[in-house]
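Under my numbering, the first residue of the sequence shown carries the number 13, and numbering increases by one thereafter.
Backbone N, C-alpha and C define an ideal beta-carbon position, used for all residues, glycine too.
Predicted model, so just to flag it, every value in this text is computed and none were measured.
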Amino acid sequence: MAAITMKKIVKRYGDGFPAVNEVSLDVRDGEFMILVGPSGCGKSTLLRMIVGLEDITSGEMVIGDRVVNRVAPRERNLSMVFQNYALYPHLTVFENIAFPLRLAKTPDAEVKRRVNETAELLELTEHLERKPANLSGGQRQRVAMGRAIVRQADAFLFDEPLSNLDAKLRGQMRTEISRLQRRLGVTTVYVTHDQTEAMTLGDRVAVLRKGVLQQVGSPRELYEQPVNLFVAGFIGSPSMNFLPASVDGTTLETPLGRFEVRDERKAAALEGREVVLVGIRPEHFEDASLVSEEKKAHGSVVAAHVDVTEWLGNELYAYVPYEAPDDLAAQLRELSRELDGDQLRTQAVVALDASSPITPGRDAELWIDTSRIHIFDPSTGDNLT
Ligand code: ATP
Numbered sequence: 013m014a015a016i017t018m019k020k021i022v023k024r025y026g027d028g029f030p031a032v033n034e035v036s037l038d039v040r041d042g043e044f045m046i047l048v049g050p051s052g053c054g055k056s057t058l059l060r061m062i063v064g065l066e067d068i069t070s071g072e073m074v075i076g077d078r079v080v081n082r083v084a085p086r087e088r089n090l091s092m093v094f095q096n097y098a099l100y101p102h103l104t105v106f107e108n109i110a111f112p113l114r115l116a117k118t119p120d121a122e123v124k125r126r127v128n129e130t131a132e133l134l135e136l137t138e139h140l141e142r143k144p145a146n147l148s149g150g151q152r153q154r155v156a157m158g159r160a161i162v163r164q165a166d167a168f169l170f171d172e173p174l175s176n177l178d179a180k181l182r183g184q185m186r187t188e189i190s191r192l193q194r195r196l197g198v199t200t201v202y203v204t205h206d207q208t209e210a211m212t213l214g215d216r217v218a219v220l221r222k223g224v225l226q227q228v229g230s231p232r233e234l235y236e237q238p239v240n241l242f243v244a245g246f247i248g249s250p251s252m253n254f255l256p257a258s259v260d261g262t263t264l265e266t267p268l269g270r271f272e273v274r275d276e277r278k279a280a281a282l283e284g285r286e287v288v289l290v291g292i293r294p295e296h297f298e299d300a301s302l303v304s305e306e307k308k309a310h311g312s313v314v315a316a317h318v319d320v321t322e323w324l325g326n327e328l329y330a331y332v333p334y335e336a337p338d339d340l341a342a343q344l345r346e347l348s349r350e351l352d353g354d355q356l357r358t359q360a361v362v363a364l365d366a367s368s369p370i371t372p373g374r375d376a377e378l379w380i381d382t383s384r385i386h387i388f389d390p391s392t393g394d395n396l397t
């Protein structure tokens, strides 16, 4: 097994904008690292540079104690699982899994032992004689993983391995991959654009945007302390609400109403500022009619007009449209364009307890856990808290 160290890695295709721009990242020995970001952020390119399928324009790629910039892919001793499985249709499951061992001219008895062991681990034993065409999507995915883990590679690399599966199977495979990785303890780098996979699978998550590494941390760190608007909006579902706010001392005037910032550190972030963006996660709102007086005192209550609700059984999403003052609205649109998304909506999404009696078209009171809000610089998007 091996650690993977990336030092100021740059990739330019032709003379355009760098697809990967000075990324420095340490993947520790045995760690499960996720690379996540929207389409085109450079995550597959980075993975392909680790494996050796793509040249590195500048910077250094170190695997174990070896600089591998000029080492051929098959000499890097890495195993990769692709999105489209890449199974051989004419070979049985057994031979598909055995493939890397055959390439390495492993003796027959050893091949048999290792393939059987791997099949056992992945619950494929009874399918070993079948051809890929006769397997379900999930089974094919397991065969692809079997082929990756059958030889003792220094690290596993996954490129969106679950994106062709339906939602239910994806959930199951997620748990299986997680269990398998923990059991084998092999350094793993896993690329996805799916924030749920990123949050549930990895020890740590690296968030990329336009080729630039934004933040690396545990799922909890990214959720609780996102460094900027982009990470804040990308991690968490439904995504964080960003409200423009004018600052009056420690009071914030937002389109949802006025509220008080009590936390000292957060209040300090407001000093000297006239306008900020306030980030509130949907789950940090509650239906005020269900909140005790004592708890109310630790946050703020605002009036809201809910126009749509979605009842999901375990929770209720309520949508609260709002109007931002013209100057703030213009600033928001600008920032939204910069962030290439509709992260800055003119409606707030709140996730309430499923027992909430809130109905569409009515005025309601919402309680905000103000200890959990984030305050962002509206021109840079940096998290000030
Ligand atoms: P996706 O999830 O859509 O695969 P990604 O985050 O993996 O996206 P990459 O595939 O790494 O992104 O692409 C990063 C950037 O590099 C994109 O702008 C892409 O258009 C560009 N790119 C990727 N491969 C090539 C190539 N072979 N030649 C030129 N440009 C490329």
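Taking the Cα positions, Met92 is about 6 Å away from Phe168. Bridge partners of Arg186 according to DSSP: none are assigned. Only buried fits Asp299, as 16 or more other CB atoms lie within 10 angstroms of its CB. The C-alpha of Trp323 is placed about 7 Å away from the C-alpha of Ala366. With 6 Å as the limit, the residues whose C-beta approaches any heavy atom of the ligand ATP more closely are Tyr25, Ala31, Gly49, Ser51, Gly52, Cys53, Gly54, Lys55, Ser56, Thr57, His205, in sequence along the chain. Three or more pairs of CB atoms, one per stretch, sit closer than 8 Å, so the stretch 151–171 contacts the stretch 79–92.
Assignment of beta-bridge partners to Thr199 by DSSP yields Ala167. At a Cβ-Cβ threshold of 9 Å, Val162 and Arg126 count as neighbours. Counting along the chain, the unbroken alpha helix (DSSP H) around Thr57 starts and ends at 55–63. Restricting attention to Leu99, Lys55, Val259, Val198, the CA atom closest to the CA of Ser148 is found in Leu99. For a cut-off of 8 Å, the C-beta gap from Ala336 to Pro256 is around 5 Å, short enough to register as a contact. Setting aside the 5 residues that flank it on each side, Ser383 is surrounded in the same chain by Asp275, each with a C-beta closer than 6 Å to its C-beta; the list follows chain order.
Taking every protein chain shown into account, the CB of Glu306 has fewer than 16 other CB atoms within 10 angstroms, so this residue is exposed. Annotation for Ile109: the continuous alpha helix (DSSP H) segment containing it runs 105–115. Contact between the stretch 139–156 and the stretch 49–63 is absent: fewer than three C-beta pairs spanning the two stretches fall below 8 Å. When Glu286, Asn395, Pro294 are compared, the shortest CA-CA separation from Arg277 is found for Asn395. Counting only runs of 3+ residues, the beta strand (DSSP E) found wholly inside the stretch 15–48 occupies 16–23, 32–39, 44–48, in chain order.
Here the stretch 224–237 makes contact with the stretch 20–36; the two share three or more CB pairs at distances below 8 Å.
The residues Asn240, Leu241, Ala244, Phe254, Val288, Leu289, Val290, Gly291, Asp394, Asn395, Leu396, in chain order, have a CB closer than 8 Å to that of Phe388 in the same chain once the five nearest residues on each side in sequence are set aside.
DSSP places Pro333 in the uninterrupted beta strand (DSSP E) bounded by 327–333.
For Gly150, the enclosing alpha helix (DSSP H) covers residues 149–161. Between the stretch 212–219 and the stretch 41–48, the count of C-beta pairs closer than 8 Å reaches three or more; the two stretches touch. In the DSSP assignment, Asn128 falls within the unbroken alpha helix (DSSP H) covering 120–133.
Here Ala165 has Asn89, Leu90, Ser91, Val198 as same chain residues with Cβ atoms under 8 Å from its own Cβ, once five neighbours each way along the sequence are excluded. Three or more Cβ pairs closer than 8 Å define a contact, and the stretch 367–377 falls short of that threshold against the stretch 259–274. In the DSSP assignment, the residues bridged to Thr263 are Asp260, Glu272. Three or more Cβ pairs closer than 8 Å define a contact, and the stretch 64–80 meets that threshold against the stretch 14–25. A residue is called buried when at least 16 other Cβ atoms come within 10 angstroms of its Cβ; Ala280 does not meet this threshold and is exposed.
In the three-state reduction of the DSSP assignment, Val320 falls in the strand class, which pools E and B. Straight through space, the alpha carbons of Phe106 and Glu188 are spaced by roughly 20 Å.
Annotated three-state conformation of Phe94 is coil, per DSSP.
Listed in chain order, the non-local C-beta contacts of Thr371 below 7 Å within the same chain comprise Thr321, local neighbours out to five positions each way being set aside.
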